[in-house]
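In case it helps, my numbering puts the sequence shown at residues 2 to 77. Here the structure comes first, spelled out in structure tokens, and everything after it is commentary.
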Amino acid sequence: MRKEVFEDKAKKHVSWELFWKIITFTLIGLVIFIYSLINIVNNKTSILSIIGLIMGILIFIYGVFAIKRNYKKNVK
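So this is what it looks like as structure tokens:
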């Protein structure tokens, strides 16, 4: 009985570590998106700015879905 409780706590601890990694990943995607958007607004439009804009959006969306999926696992 005690061993099972300890294993459950360990699993939740690992999943929360993953949760924080996903949050930082999502914030990095948001920073890339904002930086690329600022470059485009300041008329420094280049291929890298457009690629950064697309990658930032994709990383942010992926991070949001990963947070939702991981949060549901932690709540249950």
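Virtual Cβ for every residue (Gly too), placed ideally from N, Cα, C. Quick caveat, the model's predicted, so the values are computed rather than measured.
Three-way DSSP call (helix, strand, coil) for residue 43 in this model: The residue labelled residue 43 in the question sits at position 42 within the sequence shown. Correct three-state label for residue 43: coil.
Classification of residue 46 by the beta-carbon crowding that lies within 10 angstroms, buried from 16 upward: Indexing the sequence shown from 1 puts residue 46 at position 45. It counts as exposed.
Residue nearest to residue 39 in terms of C-alpha spacing, selected from 54, 30, 25: Numbered from 1 along the sequence shown, position 38 holds the residue referred to as residue 39. Of the listed residues, the one whose Cα sits closest to residue 39 is 54.
Own chain partners of residue 30 with C-beta closer than 7 Å, once the 5 adjacent residues on each side are dropped: Residue numbering aside, residue 30 sits at position 29 when the sequence shown is read from its first letter. So the list reads 57, 60, 61, 64, once near-sequence residues are dropped.
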